[in-house]
Structure formats: structure tokens, C-alpha cells
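Step one of this worksheet: look at the structure below.
Number of protein chains: 2
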Amino acid sequence: MKFIVRDIPLKLMSASVMLNPDDVSELGLVSGDRVKVVDHKKSCIKDVHIATEMLKRGELGFCKTSGPCDMHVAEGETVEVFPVSRPNSVDFIKKKMTGKKLERDEVTAIIRDIGDNMLNEVEITAFVMANYFQDLDFDETEWMTRAMIESGEKISFDRDTVVDKHSIGGVPGNKITLLVVPIIAASGLLIPKTSSRAITSASGTADTMEVLTNVTLDIKEIQEITNRLGGVIAWGGSTNIAPVDDIIIQVERRLSIDPKPQLLASIMAKKGAIGAKHVVIDIPVGEGTKVPEIEYGRELANDFTRMGQRLGLNIACVLTYGGQPVGRAIGPALEAREAFMALESISSSPKSLTEKAVGIAARLLEISGKTRNGTDHALKMLDSGKALEKFREIIEAQGGPSIQKSSEIPIGDKTFDVIAPIDGSIARVENSRLVRVARAAGAPRDRGAGIFLHKKGGHHVKAGDVLFTVYAEKEWKLSQAIGMIEREPPLVVSGMILESFPTERIL
Amino acid sequence: MKFIVRDIPLKLMSASVMLNPDDVSELGLVSGDRVKVVDHKKSCIKDVHIATEMLKRGELGFCKTSGPCDMHVAEGETVEVFPVSRPNSVDFIKKKMTGKKLERDEVTAIIRDIGDNMLNEVEITAFVMANYFQDLDFDETEWMTRAMIESGEKISFDRDTVVDKHSIGGVPGNKITLLVVPIIAASGLLIPKTSSRAITSASGTADTMEVLTNVTLDIKEIQEITNRLGGVIAWGGSTNIAPVDDIIIQVERRLSIDPKPQLLASIMAKKGAIGAKHVVIDIPVGEGTKVPEIEYGRELANDFTRMGQRLGLNIACVLTYGGQPVGRAIGPALEAREAFMALESISSSPKSLTEKAVGIAARLLEISGKTRNGTDHALKMLDSGKALEKFREIIEAQGGPSIQKSSEIPIGDKTFDVIAPIDGSIARVENSRLVRVARAAGAPRDRGAGIFLHKKGGHHVKAGDVLFTVYAEKEWKLSQAIGMIEREPPLVVSGMILESFPTERIL
Numbered sequence: 089m090k091f092i093v094r095d096i097p098l099k100l101m102s103a104s105v106m107l108n109p110d111d112v113s114e115l116g117l118v119s120g121d122r123v124k125v126v127d128h129k130k131s132c133i134k135d136v137h138i139a140t141e142m143l144k145r146g147e148l149g150f151c152k153t154s155g156p157c158d159m160h161v162a163e164g165e166t167v168e169v170f171p172v173s174r175p176n177s178v179d180f181i182k183k184k185m186t187g188k189k190l191e192r193d194e195v196t197a198i199i200r201d202i203g204d205n206m207l208n209e210v211e212i213t214a215f216v217m218a219n220y221f222q223d224l225d226f227d228e229t230e231w232m233t234r235a236m237i238e239s240g241e242k243i244s245f246d247r248d249t250v251v252d253k254h255s256i257g258g259v260p261g262n263k264i265t266l267l268v269v270p271i272i273a274a275s276g277l278l279i280p281k282t283s284s285r286a287i288t289s290a291s292g293t294a295d296t297m298e299v300l301t302n303v304t305l306d307i308k309e310i311q312e313i314t315n316r317l318g319g320v321i322a323w324g325g326s327t328n329i330a331p332v333d334d335i336i337i338q339v340e341r342r343l344s345i346d347p348k349p350q351l352l353a354s355i356m357a358k359k360g361a362i363g364a365k366h367v368v369i370d371i372p373v374g375e376g377t378k379v380p381e382i383e384y385g386r387e388l389a390n391d392f393t394r395m396g397q398r399l400g401l402n403i404a405c406v407l408t409y410g411g412q413p414v415g416r417a418i419g420p421a422l423e424a425r426e427a428f429m430a431l432e433s434i435s436s437s438p439k440s441l442t443e444k445a446v447g448i449a450a451r452l453l454e455i456s457g458k459t460r461n462g463t464d465h466a467l468k469m470l471d472s473g474k475a476l477e478k479f480r481e482i483i484e485a486q487g488g489p490s491i492q493k494s495s496e497i498p499i500g501d502k503t504f505d506v507i508a509p510i511d512g513s514i515a516r517v518e519n520s521r522l523v524r525v526a527r528a529a530g531a532p533r534d535r536g537a538g539i540f541l542h543k544k545g546g547h548h549v550k551a552g553d554v555l556f557t558v559y560a561e562k563e564w565k566l567s568q569a570i571g572m573i574e575r576e577p578p579l580v581v582s583g584m585i586l587e588s589f590p591t592e593r594i595l
Numbered sequence: 089m090k091f092i093v094r095d096i097p098l099k100l101m102s103a104s105v106m107l108n109p110d111d112v113s114e115l116g117l118v119s120g121d122r123v124k125v126v127d128h129k130k131s132c133i134k135d136v137h138i139a140t141e142m143l144k145r146g147e148l149g150f151c152k153t154s155g156p157c158d159m160h161v162a163e164g165e166t167v168e169v170f171p172v173s174r175p176n177s178v179d180f181i182k183k184k185m186t187g188k189k190l191e192r193d194e195v196t197a198i199i200r201d202i203g204d205n206m207l208n209e210v211e212i213t214a215f216v217m218a219n220y221f222q223d224l225d226f227d228e229t230e231w232m233t234r235a236m237i238e239s240g241e242k243i244s245f246d247r248d249t250v251v252d253k254h255s256i257g258g259v260p261g262n263k264i265t266l267l268v269v270p271i272i273a274a275s276g277l278l279i280p281k282t283s284s285r286a287i288t289s290a291s292g293t294a295d296t297m298e299v300l301t302n303v304t305l306d307i308k309e310i311q312e313i314t315n316r317l318g319g320v321i322a323w324g325g326s327t328n329i330a331p332v333d334d335i336i337i338q339v340e341r342r343l344s345i346d347p348k349p350q351l352l353a354s355i356m357a358k359k360g361a362i363g364a365k366h367v368v369i370d371i372p373v374g375e376g377t378k379v380p381e382i383e384y385g386r387e388l389a390n391d392f393t394r395m396g397q398r399l400g401l402n403i404a405c406v407l408t409y410g411g412q413p414v415g416r417a418i419g420p421a422l423e424a425r426e427a428f429m430a431l432e433s434i435s436s437s438p439k440s441l442t443e444k445a446v447g448i449a450a451r452l453l454e455i456s457g458k459t460r461n462g463t464d465h466a467l468k469m470l471d472s473g474k475a476l477e478k479f480r481e482i483i484e485a486q487g488g489p490s491i492q493k494s495s496e497i498p499i500g501d502k503t504f505d506v507i508a509p510i511d512g513s514i515a516r517v518e519n520s521r522l523v524r525v526a527r528a529a530g531a532p533r534d535r536g537a538g539i540f541l542h543k544k545g546g547h548h549v550k551a552g553d554v555l556f557t558v559y560a561e562k563e564w565k566l567s568q569a570i571g572m573i574e575r576e577p578p579l580v581v582s583g584m585i586l587e588s589f590p591t592e593r594i595l
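Residue numbers (the working numbering), protein chains in the order written: chain R, 89 to 595; chain D, 89 to 595.
In C-alpha cells form, the structure reads like this:
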């Protein structure tokens, strides 16, 4: 059937068009079904929704969508619409549900159809769940990774020694990328780092870097700056690198699950697409991270290494301590400031931050063949000020202002100190509660919001000491954070005697 | 945050509101997240979508939705919006994913949250998939059934002997409800039958009945007509009986799966909510139905009976032949006409139709204690014309016209005869191809479209005999159906020698 296009200023979750209910029924469809929209040059798969009064019969409402469809049709143009039957890839998903191994073509078809908006959320969820319950073997995971790489753009560089790092996440305050990238770039290797924004955390690396400079770079800019300076820290969402991975992550996030084959493919696809040859993977271990037990961390490390061999990537993994925040700052501006300060002076910075950043940079320098003593080399880059200088160059190349001192970086001016109620020591630090408080205070949207820890796990405190300070940009968000701290204290101070039985009080 | 309501004439898949992108971000949300919308009297959970230009900051676009929210707000009214955190029921779904047995409260919370739009499609799919992979035991299935009943309205009747029937589906042409209901009602029992419309079939019972009369009845009308005449045939979708079941079925349909606990709960909840005491369940067995193997049919029959005991329902199951269509007609008007004709004269009707309808009516009469010889009793209702008279009364009570003869029922005037190419016999009848051809011809939307089978499986044919006739209301749909028949013939005629080897032709 033919339709006249009407522009609809909505941005829905998936690529969508709106039709009059009578036309939907004439086409034999129900709301949520897929159609192929065709104009004189292009075609695109869209979900159909029903517009009850907005559209006359014969009119098609074209929504703005961030989906994979790059079709542009103008108001008043004519397009043709065809119902689309269920793609074969749904049968392949059902095959996996029964536990059978998929063929290469079948895995590729599923990933391609996700990229082409041929599969809806129900079907994509079924795929993720099938992988959760039935697992994928190394063949299937490799095919999935390769198909994900092919689903988007790829980058190549002038020099061969392209390296990268990735943290699988879960630890608050993990701003090490802002140290690792300048150390590596100052050492003469290429590190085109793309990072994500916070989804459930208080600040993603892209959010933290955005405090200092622009992070929305396209592939050409990433390529140019990396070739010239050795590194960038860009927001991955502004590129079209392995876009199918991002669609799958949306589903995983809703269920907070991350089946291993998906975790492997996700990371390897992003690294493969940017042409990295040597990659260090940071696997934080501890309560509240993706790896609560060290045994699972070792298993993952093994799998990453094997998958790397299949894909021609040289992989090294490091299991890191994830039981409490890295450094003391949580939230975009506080973290940016802490990272900048560590580049200014390693000696006045938290050891957990510099030790981890240097450790990971060292492994990159070693596995890429740059040096046999990575730690000394990395420390030299910090101590000599070369890493700081490189960081300033990268900030300016990405479009940011010149920053002289870390203290110039503005943080929230509404603050609240949380006080130790008794003498004792910090018996528990709850990562997830710290994140929730920082988010309640406004992070990551309010860049200056977050938490600064004056005390960390194991430290001794006196009643009245400041445990941590909450920063906010807005008074009401600060109150919201304070309310949350009262309900769920993120730091617990206790003496050695926790409880005493029987519980009658001695008067 | 407070917002001014703007009416948006859209009907999306789920209960939704639209906000300006800056407000979405200010609330710390992304598209697809849930919010609680509160006005002075009510509150409701909605999905958030982004309106790029349509709405100013501080405005909230309220969409028309068929969702479970019955909040009505007027243009210009003020509402307040709160982000909603992930409900506990997601944790219970994840518990089921790990294979643990759920508590009663946990099952109830999941079903209640689905009904309250607290769970999105990803989470509901995860629940269905968890049941597919991990199964539910009888306790969990019973709790799910009871929670589904509580999710909607319930009906009660003047008399105690309320009976019902249900076909689990998959066979084309299964119009037996149009015979069973008048037979039972004429016998003095109550049978308040709610039926579905076609989703993937050529005609649902509600579509077939709608050819003759109105089927959109509310609960009061169902109650009143059943009390007065003994029975109705209404569209279940117009009532609010076990609405959560319909939401879950939407997900299952996308994946064409139907995990057993869901199948059991779905049917039992619908029957429980309308207050049925005695229920016969028709389990068609055969290729292309939900029960390809008779062993699974027996297992289901057993499970239905046990679940009935737990819920206080007296259940009888019949396994029926589902290898080819019931009767000869497929499509709403053709089926309505065939059913009406069977009520007029049992002897000139297809034996597959009358034998099945009488068999199921007979079991209902027996298990409800009405008679010990149900078959004789049911046949008497047909032969005496009492069932036909009752059917006419029901049609008129539901708002339909008086129908004197079956031949008055109009069918499609565009027809095409499919001819036997050779002498032989009907070696194969493909249910699913017949359905696709009937749908291509316009069924169920075009009421007069469908197929009439002149020959069925096993019949002998001569070259040139008419195998079946396709009916349509529109020429282009008839052509579409003819094209499909050429690609995928639904009836296969062959001689006894199927193939001969070696395959060189003898010249």
C-alpha cells in the first residue's frame, strides 16, 4: 500500500512508523508488527504503531529514531509499505533454545537481523535468554563476535602497534583510563579508546572525560587524533562501532544479566573493530562487581585469552581488587579532578588509583613488546610530567579548553559531610549504596555531583570524623541523597564487639 | 516533577507518556524507563518516550493506550511524575531463571506487576523464557492461575451448573463452539463462552460468530444473556477476564512458544474467572497443532485434570483428530454458514464437524451430571431443532439480525477453483498452508474470504475435479492467494507410485 509521509516529532525506542488504525488492519497487522518502508532510493524495516486521530487513512507518520535505519523521507513524499513476515533468524533463536549448536550462517543471520531492526525486543530477549540457559561454545562466540564487528564501522591506523584496555566494570571511581591513555600515548603506542557513559553507575569514563573536553568524536576524528597524538578518549556511542552489541546490552541491562558469551563477544567486537592488536582486560573481583568470586574471574581470563587467539588479538587479563572504590572520588567532575591530580603528582594521590593505572599501563607496554619492565616505564611517564603534557594535548585536540591545574575543575558547591557516629573502624563499604547516593545527588547528569571518601575500608575513625562528603549542584538533590544515606548507610563504622547476647540491657 | 498534560492521539503497544528530552534527562531516565504519573485522584505506571519537538519542557504527552491503566487526565491538567525503580518481581524472575522454586507471594507479585504495567516486554519475555527452560511445578502453576484470575473481573451466575469448553487450538475450520453452545444451552445448563479472535489462524470463534451477530459484550451482558438463555458466544477481548494472560500470550505469539505451565494457567484462569464448574478441554492432536504427538496430549490431559482438582474445577479432556480441517469450510463467513447449516440439518453436514461437536457436548452433559448418555441427548437437541432455535435466540440477544436460513449468510463473490492435475487420491492436507492461503485471500478481516474443501484427505479424485474453492472479497487478494497456492499447494494429489529410481526418464 502507498502512503503520504507526515513528520512526527517523536523518538521512540525502536525505529517506528505510525499508521491510521484502519490501514493497520487493512494490512493485516497489529501494533508492534514490522513493515518494510520503501521510497524511490531506499528501504528500511520499521515497527508499526497506531495513531488514533493524528493520521488520516493513507498517511504514514515517520518518527525520528536513533535506530539503525538511515532512511530520510520528507513530509509529503510517497512511500510504499509491505508487511514483513517473521525472519528465519527467529527459527535459529528457537533452535538455540532447544540446546542445539548453531551454524555460522545462523549466528550471522541473527546478529545481522538485530542490526537491521528485523527482530523486536521480545525476540532479542529470547536470544539473550537462550544464551544464558544454553551457552554458546567458542565457535559460536567467535562467529557472533565477527558478525558484530561486521555490523558497524571499522578503523585502521598508520602504525601497527594499536593497543587498548577494557574494564568489565562494576567498581565505582574507576577513572584509570584517564591515566592509562596518556601514559601509553606518551610512550609512542596508539590507544584509540572508546568508552561508555554511565548506565547504572555514577560516572562512565565518557562522562568523566566530558568534564574536561568534547567526547563526541566521529571515526575520522578518532583516527586523526590517534595518528597525531597517540590516543583519544571518546564516547563509543557517537561512533557506529559494533552497534548490535549496544542493542543487546540494552536488553541485558533491563535484567542485569550478562551471559558469558555475550560478555566475551561484546568486548572482543569493540576491540576488533577499532583494530587493536594488544589488549589488557581489567576484571575487577569482589562483591557487587560482575565477578564476585575469583574462580569465575580466572575462568573469564582464560576464555578471553582463547577467544583472542581465534580472532588474532593478543590478550592479557588482570584480576583487580574491586571490593571498594578505586581512589576516593565518585562522580564525573570529582573523578576528573582526581585523575588530573594524579597526573600532576603521583605522590599526593590515592595509592589504589595510581597502582592500578600503572599496573595496567605496564601490562600494555609489556605485551606490545615496547619494554620488558612496564612498571618502571609507566612510572617514568608520570614522574617526568610527559603523561600530563600528553593528556593536556589530547584534551585540546578533542576540542576542550586548556587546563592548568586540577583545582580549576569545578565541582558541586552544595555539600554535606557524613560524620562517624562512634569510634571504631570502617567495617563495610557498600559499592552499590555509594553509587545510589551519588546518583541521588545528581551524578552523572549533574557533572559536579558525587562523593569524596575521606575514609575507606579498614581505616580507624574517631566519633565526629568526616567519613565522606556528598557534592551536589542542586539543593533538592542533595536532600534526596541525604535521605538515602539515612536509610542505607554506605559506610559502616563499628567497634570490635558487634553484638552481645543475651540482649537484655544491663542497667 | 510537575507537568502540564497534552493529549497525544497515539496508541502505543504499552501504556506510555511522552516527555521533552531535557525533562527525561533531568529525571535521570532514558527512553523506555517507567514512571509513576499521579493526579489528584489516581496514579498509574507508564513507559516514558521522548518527544523531540512536540512538547515543551514541563509538558507531558498523555497517549491513548489499551493498557491496564484506567487513569483519565484532561488536556491542561497538572500531574506529577516520579521515576519508578525496578520492582522486586524482576528479582523473582531472576530467581526462577536460576531454577529455584518460587514462593506463592513471589508468583503473585510477578503476575500483579505484569497487570500493573510495572514490567516491560524484556522482563515479561524473561519470565516466559524462565518458565520455558526451568518449568513451574503444580504449586507454582496453581498460584499463577489464581493470581491471573485475581488480575481481572469475575462473573457469577444464578444457577450452579455453569459449564464451559475450550479448544487448545491449531486446527483450521474448528467451528464446533457454534454447535456446542446452543446444544448445551438448549439442555438447560449455563455456558457463558468467551472466545478469541484469530491471531495466526484464518478465523477465531469470535470472528466466525461476528459474521452473525455482535460479539463485543461486557461482563454484565454476558451474565444477563446467559442467565436468560443459557449461553452466549462473546469475544473475550472485550471483557477484562484474566487480562494478564493476554499480555503473556502477546509475548508467546512472537516466539510461537507456549510453555506448559503458561498453557495450563491461561486456560484454567479464563474458566475459573467466569465461574465454570465443569469444563471439557479439546486437545487436537496432529502435525501442525500444539500437540504433534499423542503422548504429549495424554500428559497434558493428566495435568489439566490434576490442576482442575486443585482449583475446584471438574475437568474432562478429549484428544481429537487434528490432522486436517474440521468440516470443509475455513474463514469466518464460510464457517458460520457451515455451522448454521449443521444446526439446520445434521445429515447433510460433514461428519467430522458434527461428530466432534456432539462428542464434546456429550462429555459436558455427562460430567455435569445432566445425563448418563450425552451423545443421545446432544443428538436429540440437534434433530429436534431445539439447538437451532436456541442459536437464533442467542444471535438476537447479542444484537444480531434474525437469520432464517444458512444460505442467507453472505460469502465472498470472487472465487477460484483449484483443480486436480491427475487421477489419484489426496495424499497430503497441509493445515498451515490452507490457513496461509485463506489469510492471503483476506480472512479473517474480509469476513467472506476463505476456502471450501470439496475433497479431503484420503478421497479419490479424477483429473479435473475441483479440489477446493478459494473465496475472496477483493480481486487483488484472490490473486495473492492463487500465487501462494502455486508456490505451496495445500492439497497434494498422488498416485500410489510416488517416485521411481533410477531417475533417468524412459524415452
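C-beta: ideal position from N, C-alpha, C; glycine also.
| Counting only runs that start and end within the segment 348–398 of chain R, where is the beta strand (DSSP E) found for 3 or more residues in a row? | 366–373
| said: Would you call the segment 115–123 of chain D in contact with the segment 165–173 of chain R, where contact means no fewer than 3 C-beta pairs closer than 8 Å? | reply: no
| task | Would you kindly work out how many angstroms separate the C-alpha atoms of D/Q568 and R/E340, rounded to a whole number? | result | What you label residue 568 of chain D is simply residue 480 of the second sequence in a count that begins at 1. What you label residue 340 of chain R is simply residue 252 of the first sequence in a count that begins at 1. About 41 Å.
| query | Is it right to say D/M429 is buried, meaning 16 or more other beta carbons lie within 10 angstroms of its own, or is it exposed? | reply | Residue numbering aside, residue 429 of chain D sits at position 341 when the second sequence is read from its first letter. Under this definition D/M429 is a buried residue.
| field | Pick from R/L343, R/G546, R/T265 and R/E443 that is closest to R/M217, judged by C-alpha positions | value | For this step, residue 217 of chain R is matched to residue 129 along the first sequence. If we check each option's Cα against that of R/M217, R/L343 comes out closest.
| field | Element boundaries [beta strand (DSSP E), containing D/S567] | value | In the second sequence, counting from the first residue as 1, residue 567 of chain D sits at position 479. Where D/S567 is concerned, there is no enclosing beta strand (DSSP E), although the alpha helix (DSSP H) it sits in stretches over E563 to R575.
| field | Limits of the unbroken beta strand (DSSP E) element including D/K253 | value | Locating residue 253 of chain D in the second sequence gives position 165, counting from the first residue. Residues V251 to S255.
| task | Output yes if chain R places a C-beta closer than 7 Å to the C-beta of D/I92; else output no. | result | In the second sequence, counting from the first residue as 1, residue 92 of chain D sits at position 4. No, because no Cβ of chain R sits closer than 7 Å to the Cβ of D/I92.
| task | Could you please give me the residues that DSSP links to D/T516 through a beta bridge? | result | Translated into the one-based positions of the second sequence, residue 516 of chain D becomes position 428. Looking at the sequence itself, residue 516 of chain D is Arg, so the reference to Thr does not match. Looking at the DSSP assignment, D/R516 forms a beta bridge with D/V580.
| message | Taking the straight line between their C-alpha atoms, what separation do you get for D/I313 and D/M297? | response | The residue given as residue 313 of chain D occupies position 225 in the second sequence. The residue given as residue 297 of chain D occupies position 209 in the second sequence. Taking the straight line joining both Cα atoms gives about 16 Å.
| task | Would you kindly report the start and end of the unbroken alpha helix (DSSP H) that includes D/V216? | result | For this step, residue 216 of chain D is matched to residue 128 along the second sequence. Residues E209 to Q222.
| field | Contact belief for D/A485 with D/L317 at Cβ below 8 Å, rounded distance in angstroms | value | Against the second sequence, residue 485 of chain D aligns to sequence position 397. Against the second sequence, residue 317 of chain D aligns to sequence position 229. Correct: roughly 6 Å between the Cβ atoms.
| task | Answer with buried or exposed for R/D306, where buried requires no fewer than 16 other C-beta atoms within 10 angstroms of its C-beta. | result | Locating residue 306 of chain R in the first sequence gives position 218, counting from the first residue. It counts as exposed.
| Going straight from the alpha carbon of D/A389 to that of D/E423, what length do you get? | Taking the second sequence and counting its residues from 1, one reaches residue 389 of chain D at position 301. Taking the second sequence and counting its residues from 1, one reaches residue 423 of chain D at position 335. Approximately 28 Å, taken between the alpha carbons.
| request: Give, in chain order, every residue of the segment 401–426 of chain R whose Cβ lies closer than 8 Å to some Cβ of chain D. | output: none
| said: Which residues in chain R have a C-beta closer than 7 Å to the C-beta of D/V339? List them in chain order. | reply: What you label residue 339 of chain D is simply residue 251 of the second sequence in a count that begins at 1. Chain R residues near D/V339: V210.
| Residue(s) in a DSSP beta bridge with R/N402 | Here residue 402 of chain R is taken as the residue at index 314 of the first sequence, counted from 1. According to DSSP, which records beta bridges pairwise, R/N402 is partnered with R/H366.
| request: Out of D/L190, D/D246, D/G258 and D/D204, point me to the one whose CA is closest to D/F226's CA. | output: As a working note, residue 226 of chain D is residue 138 in the second sequence. Residue D/L190 is the option with its Cα nearest to D/F226.
| field | Proximal residues, the segment 273–296 of chain R versus chain A, C-beta separation under 9 Å | value | Among the chains of the structure shown, chain A does not appear; the protein chains present are R and D.
| field | Cα-Cα separation between D/V446 and D/G583, rounded to whole angstroms | value | If you number the second sequence from 1, residue 446 of chain D lands on position 358. If you number the second sequence from 1, residue 583 of chain D lands on position 495. Spanning the two alpha carbons is a distance of roughly 35 Å.
| said: Check whether the segment 202–219 of chain D and the segment 344–359 of chain D touch, using three or more Cβ-Cβ pairs below 8 Å as the test. | reply: yes
| request: Write down the C-beta distance between R/T233 and R/L399 rounded to the nearest angstrom, noting that I regard them as a contact closer than 8 Å. | output: Here residue 233 of chain R is taken as the residue at index 145 of the first sequence, counted from 1. Here residue 399 of chain R is taken as the residue at index 311 of the first sequence, counted from 1. Correct: roughly 6 Å between the Cβ atoms.
| said: I want to see whether chain R comes within less than 7 Å of D/H137, judged by CB atoms only; does it? | reply: Counting from 1 along the second sequence, the entry for residue 137 of chain D is found at position 49. Answer yes: the Cβ-Cβ gap between D/H137 and chain R drops below 7 Å somewhere.
| request: With 7 Å as the threshold, decide whether the Cβ of D/F221 is near any Cβ in chain R. | output: Position 133 of the second sequence, counted from the first residue, corresponds to residue 221 of chain D. It does: the Cβ of D/F221 has a partner Cβ on chain R nearer than 7 Å.
| So, is D/H465 buried or exposed, given that buried needs 16 or more other C-beta atoms within 10 angstroms? | Locating residue 465 of chain D in the second sequence gives position 377, where the first residue counts as 1. With 16 or more other Cβ atoms within 10 Å, it is buried.
| Who pairs with D/L107 in a beta bridge, going by DSSP? | On the second sequence, position 19 is the one that residue 107 of chain D refers to. Its beta-bridge partners are D/I138 and D/L148.
| task | Could you check if D/I594 is buried or exposed, using at least 16 other CB atoms within 10 Å of its CB as the buried criterion? | result | To locate residue 594 of chain D, count along the second sequence from 1; it is residue 506. Unreliable placement is indicated for D/I594, whose pLDDT of 44 sits below 50; no coordinate value is reported for it.
| request: For R/L357, collect the residues of the same chain with a Cβ closer than 7 Å to its Cβ; drop the 5 residues on either side in sequence, then sort them by chain order. | output: By 1-based counting over the first sequence, the position of residue 357 of chain R is 269. This sequence places Ala at residue 357 of chain R; Leu is not what is there. Here the set comprises T233, M236, I237, A330 and D333.
| said: Tell me the rounded alpha-carbon separation between R/A361 and R/I499. | reply: Translated into positions along the first sequence, residue 361 of chain R becomes position 273. Translated into positions along the first sequence, residue 499 of chain R becomes position 411. Spanning the two alpha carbons is a distance of roughly 36 Å.
| Interface residues of chain D facing R/R386 [CB-CB closer than 8 Å] | Counted from its first residue, the first sequence places residue 386 of chain R at position 298. None at all; the shortest Cβ gap to chain D is about 22 Å.
| Do the CB positions of R/V414 and R/G261 come within less than 7 Å of each other? | On the first sequence, position 326 is the one that residue 414 of chain R refers to. On the first sequence, position 173 is the one that residue 261 of chain R refers to. Yes; because the gap between Cβ atoms is below 7 Å, this pair is in contact.
| said: To the nearest angstrom, how far is the alpha carbon of R/E518 from that of R/P578? | reply: In the first sequence, the residue the question calls residue 518 of chain R occupies position 430. In the first sequence, the residue the question calls residue 578 of chain R occupies position 490. If I take the Cα positions, the gap works out to 5 Å.
| Who are R/V167's beta bridge partners in DSSP? | Taking the first residue of the first sequence as position 1, residue 167 of chain R is located at position 79. For R/V167, which the question treats as bridged, DSSP gives the partners R/F91.
| field | Rounded straight-line distance, which links the Cα of R/V368 to that of R/I272 | value | Within the first sequence, residue 272 of chain R is the residue found at index 184, counting from 1. Within the first sequence, residue 368 of chain R is the residue found at index 280, counting from 1. Roughly 12 Å separates the two Cα atoms.
| field | Beta-carbon proximity list for R/P97, same chain, < 6 Å, skipping 5 on both sides | value | Residue 97 of chain R sits at position 9 when you count from the first residue of the first sequence. Taken in chain order, the list of residues that qualify is empty.
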